[in-house]
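Under this note's numbering, the first residue of the sequence shown carries the number 1234, and numbering increases by one thereafter.
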Amino acid sequence: MFYNFLNRILIGFFTMFVISFALYVFIVAPGHNNLKINELDRLSQQLQQNDNINYYSGVKNYVFKSYYRWIKGSYKAIKNHSLLSERAMNTFILLSLTMFFTLVISFLVGFYSAIYKDSFLDRGLMFFGTLGIAFPSFLLALLLLWVTIQWFDVTAGGFFSTEYLEKEWTLGRLLDFIKHISIPVFVLSIPQISVFARILRNNMIDEINSPYVLVALSKGLSKHYVLIKYPLRLALLPFVSILGYIIPTLISQSMIVEVILNLPTLGPVILESILKRDGLGYAPVILLFLGFLTVVGSTVSDLLLLFLDKRIKYDN
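Right under this line is the structure:
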């Protein structure tokens, strides 16, 4: 068990190295030529600026030495830059709350849909699940934004109202935070809940019809006790295996939602950097941070599989 745990941690570190080095190569490969066609009259000044950029970014150094300097600079940018550090923490909080809400709701929906198979509850939940997959997240964000502004008087943008921005944490500030973050969490969770609930439901139905479950029920044990103790654990294995892939899916979906809702997260910064063709600015640093979150999510998912099923073993 310990060696499998250590092996998966080492695989995670290696994956992060490959992602970071590939990102670094894509950044350095164009040569950092920041000249634009409409700026030819500033050729001499631009060439001097490019030389300075190449020097400070480490392009003129050896590959691995400049790669090390880039990684070190990216870490300092995330840690020390007030804009990036605050928005990175907000992004982490948003993704964490979304994953927690997704897991709790999808677990309840999938479990009870499997128990009451083909009932009105099951068909209704699966109908809304299919609707959640088909409905675009950005359109749902716009509709909820309009509803909250018109009916609930919630100011658009940010995680807090104006009167709670600079205050310490109190009950009122916590309730204001929940009121503002509930919309993006709900919008980002709906498509994931639809997928996860359907997967858990199908796995539970397969396990419920297994002979060992029928034998346990024939002994007079409680139905909920038998289902939670035996088939649920096996049904969770495919459920847990896709947890590592929810983070890149959430990241790709959250960028547009964050821009629409004007959230203080990394999504608007990435979009602005892309529009400005900022190859040496915020964009690569943010992508490196999001890649780190993806690797962490995949590693945690595999470690949970090791805990739930002792038969799983990662070969060297």
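The C-beta atom is built at its ideal place from N, Cα and C for all residues, glycine as well.
Just so we're clear, the structure is a prediction, and the values are computed from it rather than from any experiment.
Quick check: what's the CA-CA separation for residue i versus residue j?
i     : j     : result
S1339 : R1431 : 8 Å
L1273 : L1508 : With a pLDDT of only 41 at L1273, under 50, the local geometry of the prediction cannot be trusted, and no value is derived from it.
V1502 : S1474 : 31 Å
N1436 : L1239 : 30 Å
N1492 : S1346 : According to the sequence shown, residue 1492 is Val rather than Asn. Each residue's Cα considered, the two are about 35 Å apart.
L1408 : S1394 : 11 Å
R1466 : N1237 : 20 Å
D1351 : L1504 : 44 Å
L1398 : G1362 : 36 Å
L1454 : M1332 : 33 Å
L1378 : P1444 : 50 Å
G1530 : P1481 : 9 Å
Q1486 : F1325 : 15 Å
L1243 : L1341 : 34 Å
Measure the CB-CB distance between residue i and residue j and report whether it falls below 8 Å.
i     : j     : result
K1456 : L1447 : no
P1424 : I1479 : no
L1330 : I1414 : yes
F1254 : Y1300 : yes
T1381 : I1438 : no
E1440 : P1464 : yes
P1517 : L1316 : no
Within the same chain, show all residues whose beta-carbon is closer than 8 Å to that of residue i, passing over the 5 residues directly before and after it, in chain order.
i     : result
I1484 : L1328, L1523, L1526 and T1527
Leaving aside the five residues before and after residue i along the sequence, list all residues of the same chain whose C-beta is less than 7 Å from its C-beta, in chain order.
i     : result
F1259 : none
K1452 : none
I1304 : S1253
Just to check my reading of the structure: residue i and residue j have Cβ atoms closer than 8 Å, yes? What is that Cβ distance to the nearest angstrom?
i     : j     : result
K1412 : R1406 : Between R1406 and K1412 the Cβ distance is about 11 Å, and since that is not below 8 Å, they are no contact.
R1320 : T1532 : With a Cβ gap of about 24 Å, R1320 and T1532 do not count as contacting.
F1371 : V1490 : 6 Å
S1534 : G1477 : 4 Å
F1297 : V1418 : Not quite, the Cβ-Cβ distance comes to about 41 Å (not below 8 Å), so this is no contact.
V1337 : L1373 : With 8 Å as the limit, V1337 and L1373 do not qualify as a contact, their Cβ atoms being about 20 Å apart.
L1469 : L1541 : 6 Å
Ordered along the chain, which non-local residues of its own chain (more than five positions away) have a Cβ less than 6 Å from that of residue i?
i     : result
R1434 : G1343, S1346 and A1347
N1323 : P1497 and T1498
- prompt: What beta strand (DSSP E) runs, 3 residues minimum, are completely inside the region 1438–1521?
  reply: none
- prompt: Considering only residues of the region 1334–1404, which uninterrupted alpha helix (DSSP H) runs meet the minimum length of 4 residues and lie entirely inside it, listed in chain order?
  reply: 1353–1367 and 1370–1384
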